[in-house]
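**Q**
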Amino acid sequence: MAGCVTQAASAEEIGDPVAGEKVFKECAKCHQVGPDAVNRVGPVLNDVFGRQAGTVEDFTRYSKGIVRMGVDGLHWDIEHLDTYLENPKSLVSGTRMSFRGLKDPQERADVIAYLRTFSASPQNIPEAAPTALPHEVALSPEVLAIVGDPEYGEYLSAECNTCHQADGEDEGIPSITGWPDEDFVVAMHAYKVKARPHPVMQMMAGRLTDEEIAALAAYYAGLGAE
Numbered sequence: 011m012a013g014c015v016t017q018a019a020s021a022e023e024i025g026d027p028v029a030g031e032k033v034f035k036e037c038a039k040c041h042q043v044g045p046d047a048v049n050r051v052g053p054v055l056n057d058v059f060g061r062q063a064g065t066v067e068d069f070t071r072y073s074k075g076i077v078r079m080g081v082d083g084l085h086w087d088i089e090h091l092d093t094y095l096e097n098p099k100s101l102v103s104g105t106r107m108s109f110r111g112l113k114d115p116q117e118r119a120d121v122i123a124y125l126r127t128f129s130a131s132p133q134n135i136p137e138a139a140p141t142a143l144p145h146e147v148a149l150s151p152e153v154l155a156i157v158g159d160p161e162y163g164e165y166l167s168a169e170c171n172t173c174h175q176a177d178g179e180d181e182g183i184p185s186i187t188g189w190p191d192e193d194f195v196v197a198m199h200a201y202k203v204k205a206r207p208h209p210v211m212q213m214m215a216g217r218l219t220d221e222e223i224a225a226l227a228a229y230y231a232g233l234g235a236e
């Protein structure tokens, strides 16, 4: 797809867990790992690999969005952890995780390598899934710089509004009204390349050009300003 870069990496190239422990200090404000870990603002991250999103026992602060994503099929592997750590809202709209994200790919890789040491499987099976990092997807600056036409976005929005409510209500379906343009664009491209697991949204996003996604982003962002 135009505007995306795909890069393969082997199991040995995940990252440096020692460096990841230092980066994790930023995460430790909300999350714990290790034998004495307990749920805090965020859930325990032991055995995160292969876990269905939104399912840590006794953790009650999950957003509806992340629980819904888990029901839709999101399980934490390296690819989805990488996407979430870069920008949580690009993977889960409405997440309560108030974290701006790790923009440095190496820092993300190091944190993931560190978390891997707290998973019974696959920490000792380097060749087994989900150890290997199959892809890293990033939007180009050119795609992010596209200025959308909100009037064209309104024209395109009819199909979106069969599920999403333009007035911002989110009963059963997450609201997309008032989203920042970039968050909307990143989320739609995540569906387009199937980094977000929702078959209907993957199909819908797959039909859209970069310009059409930008137009929809501009339209829905504008609704939130009214």
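According to this note's numbering, the sequence shown holds residues 11 to 236 in order.
Beta carbons: idealized from backbone N, C-alpha and C, even for Gly.
#1: Going by beta carbon distance, what residues of the same chain come within less than 6 Å of residue 202, once the five residues before and after it are set aside?
#2: Alpha carbon to alpha carbon, what distance is there between residue 149 and residue 25?
#3: Are three or more beta carbon pairs between the segment 222-233 and the segment 149-167 nearer than 8 Å?
#4: So, at 7 Å on beta carbons, what are the nonlocal neighbours of residue 133 in its own chain, with the 5 sequence-adjacent residues on each side left out?
#5: With DSSP as the reference, identify every bridge partner of residue 62, one or two as the case may be.
#6: Taking 6 Å as the limit between beta carbons, can you name the residues of its chain near residue 12, skipping five residues before and five after?
#7: In whole angstroms, what separates the C-alpha of residue 210 from that of residue 185?
#8: Quick one: grab the DSSP three-state call for residue 204.
#9: So for residue 184, helix, strand or coil by DSSP?
**A** Taking the geometry as given:
#1: 215 and 216
#2: 22 Å
#3: yes
#4: Because residue 133 sits at a pLDDT of 47, beneath the cut-off of 50, its placement in the model cannot be relied upon, and the point is left open.
#5: 85
#6: At residue 12, the pLDDT of 29 sits below 50, so the modelled position is not reliable; the number obtained from the coordinates is stated separately. Correct list: empty, nothing qualifies.
#7: 16 Å
#8: coil
#9: coil
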